[in-house]
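The opening residue of the sequence shown carries number 166 in this note's numbering; numbering runs sequentially from there.
Structure, as structure tokens:
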Amino acid sequence: MSLLPPALPPSFLPHLLVGMLRDFAMAGMALGLGLLLGLPLALLWAHPGRLRVVPAAIVQLLRAAPTFVVMFFLLNILPHQARLFGAEVTITKQFTVALSLLPYSASIVAENGAEALRQLRLGSTLAALLFLPNLARTYFVLVMASGSAAAIGVREGISVILRQADQFPNFGARLWIFVLGVFVYGLILQSGFFLVLELRRRLAKRVVRRRAAAWSAGGGKSDGG
């Protein structure tokens, strides 16, 4: 068994990057769908009355939905072709994956959106803006989760890595392919996570400073900052 790096075909990295772009596209679709469902839930959840119990219960149900089960369920029940507003629409496997990620994305949007609305009501605009880095972090989580699309035949990044590894007969060469794939994915995703966390940290520090200043100016009575 050789542990030397294998000779990769020139098409591997371009195919990997194209596959990763599909992951980013599916995550974008899932986040867009999550915003469509999650924001109305957030509006209801931020309501101070008893009505907020309903979206809270819906979010708990959404969190309990297993992505893999939802994905295969949708794959088996959704038609390949559908008619929408009189036009023929093709329901692709990529859209099916995005739809299976909807429960997760909608629950995160609803929870963080409701908290942002409550902070706005308290007059804390900076605290409400924490919704944006939380949304960005959710997007990168969805990018990682979209790798499950390989299980249903979508040619995305993980699928490209698996297909290429299958072309090599020995374990050492396959191991190098997986290491390379992890490195490329990790470099891009961890860079994204770092930027998001840095933005969130800076916003959080400004919120703390604003509230401390308001507390001091108000003689110990904060206005929510």
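We put the beta carbon where it would ideally sit given N, CA and C, even for glycine.
Exposed unless 16 or more other CB atoms sit within 10 angstroms - verdict on residue i
| i | result |
| --- | --- |
| PRO244 | exposed |
| GLN355 | exposed |
| LEU303 | Inspection of the sequence shows that residue 303 is occupied by Thr rather than by Leu. THR303 is buried by the Cβ-count criterion. |
| VAL319 | buried |
| LEU201 | exposed |
| VAL306 | buried |
| SER381 | exposed |
| VAL224 | buried |
| ILE342 | buried |
| LEU196 | buried |
| GLY346 | buried |
| LEU249 | exposed |
| LEU181 | buried |
Nearest neighbour of residue i, chosen from the options [CA to CA]
| i | options | result |
| --- | --- | --- |
| PHE177 | ILE353, ASP331 and VAL372 | ASP331 |
| PHE296 | LEU173, GLY288, GLN284 and VAL306 | GLN284 |
| ALA190 | ARG228, LEU249 and ALA263 | ALA263 |
| ALA271 | VAL235, LEU198, ARG375 and ALA230 | LEU198 |
| ALA179 | PHE348, SER265, PRO213 and VAL325 | Reading off the sequence shown, one finds Pro at residue 179, where the question assumed Ala. Taking only the C-alpha atoms, the option nearest PRO179 is VAL325. |
| SER266 | ALA230, PHE359 and VAL219 | In the sequence under discussion, the amino acid at residue 266 is Leu, which differs from the Ser named in the question. Among ALA230, PHE359 and VAL219, the Cα nearest to that of LEU266 belongs to ALA230. |
Paired residues, beta bridge with residue i - DSSP
| i | result |
| --- | --- |
| LEU249 | ALA252 |
Close-in-space but distant-in-sequence residues of the same chain around residue i (CB under 6 angstroms, 5 per side omitted)
| i | result |
| --- | --- |
| ARG217 | TRP210 |
| ALA279 | ALA207, TRP210 and ALA211 |
| ILE273 | THR303 |
| MET185 | GLY322 |
| ASN277 | PHE296 and ASN299 |
Through-space distance from residue j to residue i, alpha-carbon basis
| i | j | result |
| --- | --- | --- |
| VAL254 | PHE260 | 11 angstroms |
| GLY390 | ARG286 | The predicted model places GLY390 with a pLDDT of 49, which falls under 50 and marks its position as unreliable; any figure quoted below should be read in that light. Their Cα atoms are separated by approximately 11 angstroms. |
| VAL183 | GLU321 | 7 angstroms |
| VAL361 | ASN299 | 8 angstroms |
| PRO174 | PHE233 | 32 angstroms |
| GLY337 | VAL344 | 11 angstroms |
| ASP188 | ALA378 | 44 angstroms |
| GLY193 | ALA172 | 34 angstroms |
| LEU226 | ALA275 | 12 angstroms |
| ALA301 | ARG367 | 15 angstroms |
| GLY203 | SER311 | 19 angstroms |
| ARG375 | PRO268 | 35 angstroms |
| VAL235 | VAL349 | 28 angstroms |
| LEU282 | ALA221 | 15 angstroms |
| LEU352 | GLU363 | 16 angstroms |
| ALA369 | PHE238 | 40 angstroms |
| ILE242 | GLY251 | 21 angstroms |
| ARG215 | PRO205 | 16 angstroms |
| VAL219 | PHE359 | 35 angstroms |
8 angstroms Cβ shell around residue i - same chain, five flanking residues per side excluded
| i | result |
| --- | --- |
| GLN246 | GLU253, VAL254, THR255 and ILE256 |
| LYS258 | LEU240, ALA314, ILE317, GLY318 and VAL319 |
| VAL372 | SER289, LEU291, ALA292, LEU295 and GLY390 |
| PRO334 | none |
| LEU365 | It is worth fixing the name first, because residue 365 is Arg in this sequence and not Leu. Cβ neighbours of ARG365 beyond the five flanking positions: LEU295, PRO298, ASN299 and ARG302. |
Distance cut-off 6 angstroms: residue i Cβ against heavy atoms of the ligand ATP
| i | result |
| --- | --- |
| LEU201 | No copy of the ligand ATP appears in this structure; indeed no ligand is present at all. |
Beta-carbon contacts of residue i that lie in its chain and below 7 angstroms, excluding the five residues immediately before and after
| i | result |
| --- | --- |
| VAL308 | ASP188, PHE189, ALA192 and LEU354 |
| ASP388 | Here ASP388 scores only 48 on pLDDT, less than 50, and its place in the model should not be relied on; the value that follows carries that caveat. The answer, listed in chain order, is GLY288 and ALA379. |
| GLY357 | PHE305 |
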